[in-house]
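Q:
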Amino acid sequence: MDLRAEINYPTDDPAVAYSLVVDPVFRGEVCEATQALDYDVAVEEHHDGGATVTVNRVMSADVADAVKRFIGETVEIVQTEEWGAPDVSGQRTADLRIKIVGQPATMNGTLQLTLTGGSVTSLISGEVKVAVPFFGKKIEPEIAKAILGAIRQEQRCATKWLGG
1 MDLRAEINYP TDDPAVAYSL VVDPVFRGEV CEATQALDYD VAVEEHHDGG
51 ATVTVNRVMS ADVADAVKRF IGETVEIVQT EEWGAPDVSG QRTADLRIKI
101 VGQPATMNGT LQLTLTGGSV TSLISGEVKV AVPFFGKKIE PEIAKAILGA
151 IRQEQRCATK WLGG
């Protein structure tokens, strides 16, 4: 299932938006805003100016009962972002991977921090996949809904942090 969304950062400087997405304190606040039961944020900066951001969180399975029977009462989600170095305008791209631990559910895609119309936008695109014959396509919208909910919380936190 195709998933597209965006987060608008109230800044005209891609470096400011990037510093937020690699800030473990900010990412922890986003985890708290998503009501994570437990979480860990790790940021590994690379010599080329990029970074790996790994967010591991345990969430209540806030999904339809049919899906909950499949995944359980809680889910452990590992989100990994492999950020590259900035281009000449300061914009960046990351490979995005989201995995529900112990389940055949993933999202693979990209994040692009771009300057658009005086603010920085993170363009999120990817493919949500649940590899379960006959049933996976019915679960994918529930997984996408949860991912979009987390994106909305990150938008709220970014607006609060950057004063927009």
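1 is the number of the first residue of the sequence shown in the numbering used here; add one for each residue after it. Just so you know, even glycine gets a beta-carbon here, dropped at the ideal spot from N, CA and C.
Given a cut-off of 8 Å, decide if A17 and T11 are closer than it, judged by their beta-carbon atoms.
A: Yes, the Cβ-Cβ distance between T11 and A17 is below 8 Å.
Q: Does DSSP classify Q153 as helix, strand or coil?
A: Helix, per DSSP.
Q: My understanding is that T167 touches R97, with C-beta atoms under 8 Å, so please give their C-beta distance in whole angstroms.
A: There is no way to answer for residue 167, as the model of the chain reaches only from 1 to 164.
Q: Taking buried to mean at least 16 other C-beta atoms within 10 Å of its own C-beta, is R92 buried or exposed?
A: Looking at its Cβ environment, which holds 16 or more other Cβ atoms inside 10 Å, R92 is buried.
Q: Would you list the one or two residues that DSSP bridges to G126?
A: Beta-bridge pairing links G126 to L3, G109.
Q: Using only alpha-carbon positions, find the residue among Y39, A33, E45 that is nearest to S19.
A: Of the candidates Y39, A33, E45, the one whose C-alpha sits nearest the C-alpha of S19 is E45.
Q: Comparing C-alpha positions only, which one of D23, V22, V25, R57 sits nearest to D38?
A: Nearest of D23, V22, V25, R57 to D38, Cα basis: R57.
Q: Quick one: what does DSSP say H20 is sitting in, helix, strand or coil?
A: Checking the displayed sequence, the identity of residue 20 turns out to be Leu instead of His. It is helical.
Q: Quick check on DSSP: helix, strand or coil for E73?
A: Note: E73 maps to coil in three-state DSSP.
Q: Taking 7 Å as the limit between beta carbons, can you name the residues of its chain near Q153, skipping five residues before and five after?
A: V30, A33, T34.
Q: Quick check on P24: buried or exposed, where buried means 16 or more other Cβ atoms within 10 Å of its Cβ?
A: Counting Cβ neighbours within 10 Å, P24 comes out exposed, since fewer than 16 surround it.
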